[in-house]
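Undergrad: I'd like to ask some things about the structure below.
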Amino acid sequence: MRNDNRAADEPRPIRVEFDAQPHADGSVLMTMGGTRVLCGVSVEAGVPPFLRGTGRGWITAEYGMLPCATHSRGRREAVTGRTGRTYEIQRLIGRSLRMMVDLQDLGETTLRVDCDVINADGGTRCASITGAALALRQALDRMTAGAALAVLPPILPVAAISVGIVDGEVLLDLDYAEDSRAEVDANFVMAGDGRWIEVQCTAEGRPMQPELFG
0 MRNDNRAADE
10 PRPIRVEFDA
20 QPHADGSVLM
30 TMGGTRVLCG
40 VSVEAGVPPF
50 LRGTGRGWIT
60 AEYGMLPCAT
70 HSRGRREAVT
80 GRTGRTYEIQ
90 RLIGRSLRMM
100 VDLQDLGETT
110 LRVDCDVINA
120 DGGTRCASIT
130 GAALALRQAL
140 DRMTAGAALA
150 VLPPILPVAA
160 ISVGIVDGEV
170 LLDLDYAEDS
180 RAEVDANFVM
190 AGDGRWIEVQ
200 CTAEGRPMQP
210 ELFG
């Protein structure tokens, strides 16, 4: 029996609030159970040096947790410097979002995505990816409406979810209590057409049987 009485394959309640940041070009407050992430997109002229002159755009992401997002206050990374975990997660978010659109269709424009965790109860990277993808779509719609893009490019929907093995049972969308006891912890980033974008899977208690991926 799960803490919230969900079925093993049942995700937590999801709520999406658009325009959570009115000054952003696209923004979403993404809620998955007790996890809440504020995702904002800023459109900037120009691209990193390695893309100048190519006609290609760029999508990048930054990720962070507010000090009181977890059970005990964490120090701001503006003071301590970003951790390896932060770099790993924001690179994952960026890679996932770049699968949504052909960067050639953006011209030499950068879309910078900020994901700030307001409350962490497991699955923060998955909530960040899903919320950021929705905010990015909103920003692209507005770029087209405002003539920054001549036409709306083809967009591949992207979302992410966690899966874990807890007490020998495969569970979908782990909360913090489940994640902290998981024998295996995995994150799946998928496209709307069913293709996989990225799979992260780590055995934390014991090795996983390969048949579980069948």
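So that you can map any letter, position 78 of the sequence shown is 77 in numbering that gives the first Met the number 0, and since no number is skipped, the others follow by simple counting.
Glycine residues also receive a C-beta, built at the ideal position from the N, C-alpha and C atoms.
Every value quoted in this text rests on a predicted model; they were computed, and no experiment measured them.
1. If we count the other Cβ atoms within 10 Å of its Cβ and call it buried at 16 or more, is G266 buried or exposed?
2. My output table needs one value for L91: the three-state DSSP class, helix, strand or coil.
3. State buried or exposed for R11, treating a residue as buried only when at least 16 other CB atoms are found within 10 Å of its CB.
4. Just the Cα atoms here: how many angstroms apart are G45 and Q208?
5. Name the residue from E197, Q20, V183 whose alpha carbon lies nearest to the alpha carbon of M189.
6. Is it true that the CB of L148 sits closer than 8 angstroms to the CB of L110?
7. Can you tell me the Cα-Cα spacing of R1 and A7, whole angstroms?
8. Quick one: Cα of C114 to Cα of P48, how far?
9. Pull up the distance between the alpha-carbon of A158 and that of T79, whole angstroms please.
10. What's the gap between the Cα of G63 and the Cα of G122?
11. Is W57 near the ligand NAP, in the sense that its beta carbon is under 7 angstroms from a heavy atom of that ligand?
12. Helix, strand or coil for A138? Go by DSSP, reduced to three states.
13. Taking the straight line between their C-alpha atoms, what separation do you get for A217 and G204?
14. Hey, how far is the Cα of R97 from the Cα of E61?
15. Name the residue from A146, C125, L139 whose alpha carbon lies nearest to the alpha carbon of F184.
16. In three-state DSSP terms, what is E9?
17. When you compare the CB positions of W57 and L91, do they come within less than 8 angstroms of one another, or not?
18. Is C67 buried or exposed, if buried means 16 or more other CB atoms sit within 10 Å of its CB?
19. Only counting the same chain, and skipping five residues up and downstream in sequence, which positions put a Cβ closer than 8 angstroms to that of N118?
20. DSSP state of R129, grouped into three classes?
TA: According to the data block:
1. Past the edges of the chain, shown from 0 to 213, lies residue 266, and the structure says nothing about it.
2. helix
3. buried
4. 47 angstroms
5. E197
6. no
7. 8 angstroms
8. 24 angstroms
9. 31 angstroms
10. 14 angstroms
11. Because no ligand of any kind appears in the structure shown, any question about the ligand NAP cannot be addressed here.
12. helix
13. A query on residue 217 cannot be resolved here, the shown segment of the chain reaching from 0 to 213 and no further.
14. 14 angstroms
15. Before going on, a small fix: residue 184 reads as Asp here, not Phe. Checking every option, the nearest Cα to that of D184 belongs to C125.
16. coil
17. no
18. exposed
19. G33, T34, R35, A68
20. Here residue 129 is Thr; the residue named in the question, Arg, does not match the sequence. DSSP places T129 in helix when its eight states are reduced to three.
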